[in-house]
Structures are given as C-alpha cells and as structure tokens.
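Going by the working numbering, the sequence shown opens with residue 113, and the numbers climb by one from there.
The beta carbon of each residue, even a glycine, is placed where N, CA and C say it ideally should be.
Step one of this worksheet: look at the structure below.
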Amino acid sequence: MFSALPDQPEDKILKLMQMYREDPREQKIDLGVGVYKDASGHTPIMRAVKSAEKTLWETETTKTYVALAGAPEFNDAMVGLVLGSAVPRGDVACVATPGGTGAVRQGFDLVKLGNASATVWYSTPTWGNHISILKHMGVAHKPYRYFDAESGEVDFAGMIADLDTALPGDVILLHGCCHNPTGANLTQPQWRQVVDLLNERGLVPMIDIAYQGFGDGLEEDAFGVRLVAENCPETIIAASCSKNFGVYRERTGALMAVSRGGAETGRAQKTLAYLNRQNYSFPPDHGARLVSMILTDEALKAEWMAELEEVRTGMLALREQLAGELKRLTNSDRFDFIARHRGMFSMLGLTAEEMDVLRETHGIYGVSDSRINIAGLNSETVPLLAKAVAEVVGG
Ligand code: LMR
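Structure representation (structure tokens):
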C-alpha cells in the first residue's frame with residue numbers, strides 16, 4: 113500500500129527553511145519562513161509568555177483533559193482580542209485549534225458541512241498552504257485578483273470585479289491584516305466596499321488573521337475583521353497566536369463562527385466542537401493557557417503589548433531603511449512600496465531566477481515568488497540585502 117502513495121509536492125517555505133539550515137556559509141540571511149527574529153537573529157520567547165509559563169509551572173496541578181472546545185477562558189479572551197466589542201460574545205461560536213493552520217483547516221471543514229457546493233475564493237497570491245489544504249480536502253476553490261505587482265499595491269478594481277462573479281453562498285477568504293505574502297492591505301474604505309459586496313451577493317467571508325499587532329497596531333489591525341463580523345450575517349474567523357505571542361511550536365489558535373446569536377450560533381458551536389473531536393479530539397492547551405493568562409492579567413497584558421509594539425515598530429524601521437537603501441542604490445522609486453506595506457512580508461517583484469541568484473550568490477534566502485520576511489533582517493543586514501538586490505536587478 114505504501115508504495116502506491118503518490119508523491120506530494122514540497123512546501124516551498126518549509127523547503128527553504130531546510131536549505132537555509134543546511135547552508136554551511138557563515139554569511140547568510142534567512143528571509144524565508146514567517147518567524148520573527150530579533151536583531152541578533154534569535155526568535156525570543158516573549159517576556160510575558162515566559163512569566164506566564166513560570167506561574168503555570170508553579171500552579172498547574174493536573175494535565176487532565178480540558179474540553180473539546182478548549183478552555184472557555186481562552187476562547188473568551190480570543191474573541192475579545194480579535195473582535196473587541198464589535199459583536200456580543202453570545203454571537204460567537206469559538207473553539208481552540210492547533211495553531212492558525214488548524215483553524216483554517218477546520219474552517220474549511222465547517223464550509224464543507226454547511227454548504228458542500230460552495231467555492232472558496234482566495235487572493236492571488238495567497239499563503240501557499242491555503243490552496244494546498246483546499247486541494248487536499250477536495251474543496252472547490254478559485255482565485256480572485258488581489259495584487260498589482262507593477263505598483264506593489266492592491267488591485268482593488270480587479271478584486272471587486274472577480275468577487276462580483278462569485279455565487280451566493282460562496283466563501284471569500286480574506287487576510288485580516290498584514291497580507292501574506294504581499295504586505296499590501298485593504299484600506300478602511302475598501303473594507304467597507306468589500307462588506308457591501310459580500311452582503312449584496314450573499315457571500316460568506318472567512319478571515320484568516322495571523323498577524324494581529326504586526327501591522328498598524330492591535331486594534332487597527334482588527335478593523336476589517338470587526339467590520340465584517342458586525343455587518344455580515346455569518347463570518348468565519350481563523351486566528352493564530354503563533355506570531356503575535358511568539359508561541360509557534362505550541363500550536364495555538366482559534367476558530368470562530370459569528371452569526372446573530374440564538375440557535376444558529378449554538379449549532380455552530382456544537383459543530384466546531386464536533387470537528388475538533390473528529391480531527392484531533394482535544395486541542396492543545398499549553399499555549400492557549402499562556403495566552404489566556406496574559407490577556408486576563410493587566411500587568412502581563414501590558415508587558416505583552418509593550419513587547420509586541422517593539423516588534424511592530426522594529427519591523428517598520430527596517431521597512432523604511434530597506435526602501436531608503438534601495439532607492440539610493442537603484443536610483444528609482446521601484447521599491448518605495450516596501451515602506452508602505454505592513455506586516456512581516458513584502459514581495460520584492462523579482463523573478464524566481466533572480467531569487468535563485470540572491471540565494472546562491474549572496475546567501476539570501478527568500479521565497480521564489482520574491483516574498484521576504486522583513487523580520488529576518490536587522491539594521492546591519494538591510495544594506496547587504498539592498499546591495500544584492502540592486503546588483504541582481506542591474507541597478
Ligand atoms: C509563513 O507564511 O512563512 C508562515 O505562515 C509559516 C508557515 O507555516 O508557512
């Protein structure tokens with residue numbers, strides 16, 4: 113039987129992570145996988161997470177199962193973090209999941225159960241694993257235009273034109289903030305137009321929010337998801353804690369299904385818990401517990417927010433520096449968009465061959481679609497990257 117197993121395509125991002133680890137060169141820069149790194153190239157455990165972990169170690173007395181939906185205090189805290197006061201808590205079904213990816217996968221499962229004939233529309237480009245999971249699950253999916261590589265901005269007219277052809281009941285997969293891989297995001301007026309379109313055409317929004325706090329701020333980054341949840345009859349939300357709490361390997365995330373309360377929300381809650389049971393039974397608790405300890409303790413929360421803000425502003429400074437260096441070296445405004453983008457990623461607009469040269473000649477690892485992880489840089493490596501890019505594009 114095993115010999116009949118089909119070959120599976122390699123995940124571009126994970127392959128790059130492996131290649132970087134195996135590269136013996138001393139001078140190399142990892143701008144591949146979306147993991148935050150400080151100036152020394154280390155992915156630190158956030159201060160508040162470390163404190164919560166210490167308290168947890170001292171006070172936790174059992175490792176028995178919690179609940180299929182995960183710890184209620186985690187779910188409450190996540191609904192608060194993502195949705196604020198946009199909708200009443202009673203309108204939100206929520207379960208803990210193994211990371212944001214677990215939530216995405218489970219969200220697609222929810223779609224399959226609720227409307228097996230729905231097509232899931234994803235942005236071009238999107239995080240590669242969105243498409244890979246949809247394919248794996250046999251869920252119908254179609255792309256909508258999103259990014260204009262020429263200007264480095266959102267192709268909003270293209271996006272609206274494509275979504276306008278979706279059928280009622282289709283699911284529109286949106287990035288809540290810090291679009292992965294482009295770094296180009298919807299403006300507030302554009303979010304409003306998207307909401308109008310969703311409602312006019314009876315489309316169901318599904319929002320993947322994996323970088324809240326990495327763009328313009330915790331509240332600012334939740335603008336779109338809150339607007340949608342408040343104004344659309346049904347919204348699916350996959351939220352990740354991997355990046356903004358730095359708990360990557362703990363696999364911490366939440367899946368929410370927002371409706372207008374009552375029987376519908378109750379049915380959604382039961383379904384989400386059922387899906388947990390079918391897929392992995394109880395969701396992981398350790399990371400979720402740390403997150404809820406932080407979000408429910410004023411001092412810990414303040415400490416976490418302060419560190420998250422350092423991370424966010426650090427990335428903004430790197431964006432400014434990189435855009436400035438590239439402007440100087442290429443004597444053009446071709447790369448100005450880097451400073452306007454938000455979040456961990458931007459796409460440089462280089463070809464796959466040019467990205468190969470960056471890796472082979474300069475030891476700089478970015479994804480072949482030219483996505484780079486801004487947080488993989490520091491003030492000393494920015495000039496190295498800029499010089500290499502200028503060389504590669506012939507500036
Ligand atoms: C990324 O896009 O690099 C991250 O979301 C990590 C991953 O799992 O791909």
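Kindly identify the DSSP beta-bridge partner or partners of THR236.
ARG257
Since ALA451 and ALA429 are thought to touch, with beta carbons under 8 Å apart, how far apart are those beta carbons, to the nearest angstrom?
The pair is not a contact, with the Cβ atoms about 10 Å apart (cut-off 8 Å).
Counting only beta-carbon separations shorter than 8 Å, does ARG304 have a partner in chain B?
Absent from the structure is chain B; it holds one protein chain and no more.
Taking only the alpha-carbon atoms, compute the straight-line gap between GLY295 and ASP481 and give it to the nearest angstrom.
13 Å
For the pair the stretch 254-265 and the stretch 446-464, tell me if three or more CB-CB distances fall below 8 Å.
yes
Suppose only complete runs of 4+ residues qualify. What are the alpha helix (DSSP H) ranges in the stretch 116-154, listed by chain order?
124-134
If you draw a straight line from the alpha carbon of ALA375 to that of SER197, how long is it in whole angstroms?
21 Å
With respect to the alpha helix (DSSP H) encompassing PHE326, which residues constitute its N-terminal and C-terminal limits?
That residue, PHE326, is in no alpha helix (DSSP H); it is neither H nor E in DSSP.
Just how far apart, CA to CA, sit LEU180 and ASN485?
35 Å
With three or more C-beta pairs closer than 8 Å as the rule, is the stretch 334-347 touching the stretch 235-244?
no
Assuming the contact rule is C-beta atoms closer than 8 Å, ALA278 and LEU315 should be a hit. Round their C-beta distance to whole Å, please.
5 Å
One or two residues paired with TYR477 in a DSSP bridge:
ASP142
Coarse secondary structure for PRO317, derived from DSSP in three states
strand
Would the beta-carbon of VAL359 be found less than 7 Å away from any heavy atom of the ligand LMR?
no
State the CB to CB distance for the pair ILE141 and THR493, rounded to an integer number of angstroms; the pair is presumed to be in contact (CB under 8 Å).
5 Å
Contact under 8 Å by Cβ, ALA385 with VAL207:
yes
Would LEU330 and GLU165 be called neighbours here (beta carbons separated by less than 8 Å)?
no
Tell me the rounded alpha-carbon separation between TYR477 and PHE326.
22 Å
Could you give the distance in angstroms between the alpha-carbon of ALA414 and the alpha-carbon of GLN324?
16 Å
In the structure shown, what three-state DSSP assignment does MET459 receive?
strand
Using a 10 Å radius around the Cβ and a threshold of 16 neighbouring Cβ atoms, would you call PHE114 buried or exposed?
exposed
Within 8 Å, strictly: CB atoms of LYS124 and VAL479
yes
Can you list the beta strand (DSSP E) stretches of 3 or more residues lying completely in the stretch 349-387, in chain order?
365-370
Sorted by chain position, which residues of the same chain lie with C-beta nearer than 8 Å to THR408's C-beta, five sequence neighbours on each side aside?
GLU185 and ALA189
So, for ALA228: in the same chain, excluding its five sequence neighbours on each side, which residues have a beta-carbon less than 7 Å away from its beta-carbon?
none
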